[in-house]
Amino acid sequence: MKTTLFKTSLLCGLIFASASCKRDETITPEIPPSDGTEMTLQGGEGASNAVNAVYVDLSAEKQTSIARNSWHLGFYTGSEFRVIVNNQTDATALATEFTDINAVNPSNVDFSAMVFNQTAPSPALFDLLDDSLGRINQTAIAEISATASENRVYIVNPVLATTVAAENLWKIRVLRNGSNGYTLQYARLADTNFQTANITKDATYNFQFFSFTGGAVQVEPQKADWDFVWSKSMYIHFFQGRYVPYSFSDIILINHLASVQAAEVIFENGDFNVTYADFSETHLNQITLTNNRNTIGSTWRGILSAPFGALQDRYYILKDNDNNIFKIRFLSMGAGTTDGGNRGYPQLEYKLLKEG
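Read in order, the letters of the sequence shown are residues -23 to -1, 1 to 333 in mature numbering (1 follows the signal peptide of the UniProt record, and there is no 0).
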């Protein structure tokens, strides 16, 4: 259960004016999780290309909106030394043969593989994207080696596009900094001098985030303080007989690295016919929760064919990292003519089923 720390001073004796106050005592009250509410997520302007990612903490009735383009790299704070690129802007990372960042320039690297063509995508493009399932051991950038000479220079394209211009690319090299940190070398592709930044792991977060233009930046809340993120994000899509990279709007990814679990419940025309209103704690033994970060994904909404908008034949069960269990129903998202919502500002409601 999440708690809030505060201090309370013992009262000084009023009878003995000369008596001093005793030291403060720390009290840690337990704050019960929210019983549930309705929420409109603040995705911001842009409609299907909404500018923000929204991190949601159900137990605290809290949402945190962060500009999707506010960061370029995320440095993993767990036991492995891993670096992610920004899948909320469809970033890619291409390995070079170099270990000297100053030796890399537009004339000696071939970045044509970073060009995106949806109708005929390069199979190699998938290797330049982080894993769509969020598996930390399958990042586009190889695990950072303890042997410095094994860490190669990468080219990072902050956005996926049908054309790639050298002036928009960055080159990076990441080294380990002791047992609990990273050293980042970074520069524009054509630059002959690089900048350096040191990043220290903080286990209260999943990642420490960095912007090439702004330095260290706060993106995700502490890992105990969010359950899922709503955003536009790189995923995969079955298109013309094969899977292709696809930038999905309105995708919802659970905080799988912090042990959040979820399940989808489709109650119409299926074996499980319990509606959202009727679902209670007694039904939980019929539900299988999983740690797949894409459990909700894009399944909650329809945009390509009817029914459009937030689908009303399903809802979701989510267990947070404090073992509180909620049911969630999406009410609108602003797609089609019958949804009634505002694209970029999806509405949902949720209810506590079981306190952790």
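Note that the Cβ used here is the ideal one computed from N, Cα and C, for glycine as well.
Segment limits, beta strand (DSSP E) that includes residue i
| i | result |
| --- | --- |
| residue 149 | 147 to 153 |
| residue 42 | 39 to 44 |
| residue 227 | 219 to 231 |
| residue 306 | 302 to 309 |
| residue 17 | 13 to 17 |
| residue 188 | 184 to 188 |
| residue 192 | 192 to 194 |
| residue 52 | 50 to 53 |
| residue 32 | 29 to 34 |
| residue 80 | Run containing residue 80: none; DSSP gives neither H nor E here. |
| residue 72 | 69 to 72 |
| residue 61 | 60 to 62 |
| residue 253 | Residue 253 -> no beta strand (DSSP E), and no H or E assigned at all. |
Buried or exposed (CB count within 10 angstroms, at least 16 for buried), residue i
| i | result |
| --- | --- |
| residue 67 | buried |
| residue 34 | buried |
| residue 331 | exposed |
| residue 220 | exposed |
| residue 317 | exposed |
| residue -3 | With a pLDDT of only 41 at residue -3, under the threshold of 50, the placement of this residue in the model should not be trusted; the figure read from the coordinates follows. The residue in question, residue -3, is exposed, as its Cβ has fewer than 16 Cβ neighbours within 10 Å. |
| residue 10 | buried |
| residue 362 | Nothing can be reported for residue 362: it is not among the residues displayed for the chain, which extend from -23 to 333. |
| residue 172 | exposed |
| residue 65 | buried |
| residue -1 | In this prediction, residue -1 scores a pLDDT of 48, lower than 50, which makes its location untrustworthy; no coordinate-derived value is stated. |
| residue 107 | buried |
| residue 215 | exposed |
| residue 112 | exposed |
| residue 315 | exposed |
| residue 210 | buried |
| residue 175 | exposed |
| residue 114 | exposed |
| residue 6 | exposed |
| residue 56 | exposed |
| residue 126 | exposed |
| residue 101 | exposed |
Residues that DSSP places opposite residue i in a beta bridge
| i | result |
| --- | --- |
| residue 291 | 243 |
| residue 296 | 238 and 302 |
| residue 167 | Answer is none; residue 167 lacks a bridge partner. |
| residue 319 | 322 |
| residue 211 | 224 |
| residue 161 | 151 and 174 |
| residue 274 | 229 |
| residue 200 | DSSP output for residue 200 lists no bridge partner at all. |
| residue 132 | 71 and 148 |
| residue 206 | 32 and 230 |
| residue 92 | 138 |
| residue 216 | 219 |
| residue 20 | DSSP output for residue 20 lists no bridge partner at all. |
Supposed contact pair residue j and residue i - C-beta distance, whole angstroms, cut 8 Å
| i | j | result |
| --- | --- | --- |
| residue 272 | residue 235 | Actually they do not touch by this definition, with Cβ atoms about 14 Å apart. |
| residue 13 | residue 329 | 5 Å |
| residue 60 | residue 124 | Between residue 124 and residue 60 the Cβ distance is about 16 Å, and since that is not below 8 Å, they are no contact. |
| residue 322 | residue 110 | Incorrect: roughly 28 Å between the Cβ atoms, too far for contact. |
| residue 133 | residue 86 | The Cβ separation is near 12 Å, so there is no contact. |
| residue 137 | residue 208 | At roughly 15 Å, the Cβ-Cβ gap does not stay under 8 Å, so residue 137 and residue 208 are not in contact. |
| residue 222 | residue 52 | The Cβ separation is near 23 Å, so there is no contact. |
| residue 264 | residue 242 | 7 Å |
| residue 75 | residue 139 | Not quite, the Cβ-Cβ distance comes to about 27 Å (not below 8 Å), so this is no contact. |
| residue 131 | residue 70 | 5 Å |
| residue 151 | residue 88 | Rounded, the Cβ-Cβ distance is 19 Å, inconsistent with contact. |
Residue i vs residue j beta-carbon contact at 8 Å
| i | j | result |
| --- | --- | --- |
| residue 202 | residue 54 | no |
| residue 105 | residue 119 | no |
| residue 204 | residue 310 | no |
| residue 196 | residue 189 | no |
| residue 166 | residue 82 | yes |
| residue 26 | residue 44 | no |
| residue 73 | residue 129 | yes |
| residue 157 | residue 177 | yes |
| residue 31 | residue 23 | no |
| residue 298 | residue 206 | no |
| residue 307 | residue 325 | yes |
| residue 284 | residue 41 | no |
| residue 159 | residue 58 | yes |
| residue 261 | residue 231 | no |
| residue 312 | residue 274 | no |
| residue 291 | residue 244 | yes |
| residue 78 | residue 143 | no |
| residue 304 | residue 253 | yes |
| residue 278 | residue 288 | yes |
| residue 47 | residue 194 | yes |
Distance cut-off 7 Å: residue i Cβ against heavy atoms of the ligand COA
| i | result |
| --- | --- |
| residue 108 | As far as ligands go, the structure on display features none, and thus does not contain the ligand COA. |
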